[in-house]
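Q: Under full-length UniProt numbering, the very last position in the sequence shown is 277; numbers go up by exactly one each time. Glycine included, each C-beta is placed from N, C-alpha and C at the ideal position. Take a look at this one; I'll ask things after.
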Amino acid sequence: MNIETLMIRNPPIVSKEDKLISAFKKINEGGIGRIIIANEKIEGLITTRDLLSSAVNYCKDICTQGDLYRISSSPVTDYMTPNPITVYNNTDIFTAINIMVTRNFGSLPVVDINDRPIGIVTEREFLLLYRDLSEVFPVKVFMTSKVQTIYKEVRLDQAVRLMMKRGFRRLPVVDENNKIIGIITAVNAIRQLAKAVDKLDPDYFYNKTVKDVMVTSLVTIDEMESLNKAAAEMVVRRIGSLLILNKDNTIKGIITERDLLIALHHLLVMEKFKEKL
1 MNIETLMIRN PPIVSKEDKL ISAFKKINEG GIGRIIIANE KIEGLITTRD LLSSAVNYCK
61 DICTQGDLYR ISSSPVTDYM TPNPITVYNN TDIFTAINIM VTRNFGSLPV VDINDRPIGI
121 VTEREFLLLY RDLSEVFPVK VFMTSKVQTI YKEVRLDQAV RLMMKRGFRR LPVVDENNKI
181 IGIITAVNAI RQLAKAVDKL DPDYFYNKTV KDVMVTSLVT IDEMESLNKA AAEMVVRRIG
241 SLLILNKDNT IKGIITERDL LIALHHLLVM EKFKEKL
């Protein structure tokens, strides 16, 4: 099976001559969270993380209207990852997974024989492969047990700074008794920042708290359920993580689509090893 069978076709693309405002307007298209910068060939890649960093790194505290204008008017080339690794549409799936896991990539742009962008593949697309795999490992083997949490009263921009610092895409939200009450993701944050940049109104981002944007309809899974079930839940619900809770509603762990990609890589390596025996 090659990567063309899984890739998302017609991904968001902006020109390298475009300003950052164009990226903010396209970042939520299709729920991909990545934008390819290209004319004929790929010049770069911008992610949700890059756009969030543009604001929290530009402004030491709260951005003014003028700051937002300067950010939105910046060239996309100032914030993109230049010359990203790409794969051809006939690349086999294991090769693509191996690149993403070993290089710590969350996505890979896909190009045709002429190096023109025709698609993109993210961690979530690979979760579909679990449908054809035997149930080998339970969630507890690959879940993260030491989970960073946050309180609902924290300012949204401060929550984003924490995510950027720790390399997280999401933070479970707890009350004063450490009971889980919600989750905030980079997707929630970028929606607010995109509004702030588009309207040049800092309040859309800097006058918000975690409580204002967090998701309260939580999706959980038992730690003894299979990775296959976890993957199916994420694909069907179009979410990037599942929470594992204790009986008292405190958090015991979290498993993300990244964890499932790493587990998938492990399973496929095991299969290849068995084939050689």
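1. Helix or strand or just coil, what does DSSP make of residue 97?
2. Could you spell out the range, first to last residue, of the alpha helix (DSSP H) harbouring residue 76?
3. I need the DSSP call for residue 31, collapsed to helix, strand or coil.
4. Provide the residue(s) that pair with residue 256 in DSSP beta bridges, ordered along the chain.
5. Is there a Cβ of chain B sitting closer than 7 Å to that of residue 118, yes or no?
6. Less than 7 Å between the beta carbons of residue 260 and residue 231, yes or no?
7. Could you compute how far the alpha carbon of residue 137 sits from the alpha carbon of residue 243?
8. Is the beta carbon of residue 120 less than 7 Å from the beta carbon of residue 76?
9. Residue ranges of each beta strand (DSSP E) run of no fewer than 3 residues wholly in the UniProt domain "CBS" (7 to 62), ordered along the chain?
10. Looking at the structure shown, is residue 218 part of a helix, part of a strand, or coil, going by DSSP?
11. Which term fits residue 128, buried or exposed, when burial requires 16 or more other beta carbons within 10 angstroms of its beta carbon?
12. CB-CB under 7 Å to residue 133, same chain, minus the five flanking residues each way: which ones, in chain order?
13. Which whole runs of the alpha helix (DSSP H) in the UniProt domain "CBS" (143 to 199) are 4 residues long or more, in chain order?
14. Buried or exposed: residue 146, going by 16 or more other Cβ atoms within 10 Å of its Cβ?
15. Only counting the same chain, and skipping five residues up and downstream in sequence, which positions put a Cβ closer than 6 Å to that of residue 13?
16. Does the distance from the C-beta atom of residue 271 to that of residue 234 stay below 7 Å?
17. Counting only the same chain and skipping the five closest in sequence on each side, list residues whose C-beta sits under 6 Å from that of residue 246.
18. Does the Cβ-Cβ distance between residue 197 and residue 53 come in under 7 Å?
19. Mind reading off the beta-carbon distance from residue 8 to residue 30? Whole number of angstroms is fine, and I expect it under 8 Å.
20. Note down the Cα distance separating residue 154 from residue 221, rounded to an integer number of angstroms.
21. What number of angstroms, rounded off, separates the C-alpha of residue 157 from the C-alpha of residue 116?
22. Just how far apart, CA to CA, sit residue 195 and residue 122?
23. If I'm right that residue 44 touches residue 84 with Cβ under 8 Å, what's the distance once you round it to whole angstroms?
24. Got a sec, what are the start and stop residues for the beta strand (DSSP E) residue 111 sits in?
25. Hey, residue 182 and residue 214: beta-carbon distance below 7 Å or not?
26. For residue 248, which of helix, strand or coil comes out of DSSP?
A: In this structure, then:
1. helix
2. Unbroken run through residue 76: none, as it is neither H nor E.
3. helix
4. As DSSP reads the structure, residue 256 sits in a beta bridge with 241.
5. As a matter of chain content, chain B is missing from the structure shown, which is built from one protein chain.
6. yes
7. Taking the straight line joining both Cα atoms gives about 17 Å.
8. no
9. 34 to 38, 42 to 47
10. coil
11. exposed
12. 228, 267
13. 156 to 166, 186 to 199
14. exposed
15. 36, 38
16. Against a cut-off of 7 Å, the Cβ pair of residue 234 and residue 271 comes out as no contact.
17. 252
18. no
19. That belief holds up - the Cβ atoms of residue 8 and residue 30 are roughly 7 Å apart, short of 8 Å.
20. 27 Å
21. 37 Å
22. 25 Å
23. 7 Å
24. Per DSSP, residue 111 belongs to the beta strand (DSSP E) from 107 to 111.
25. yes
26. coil
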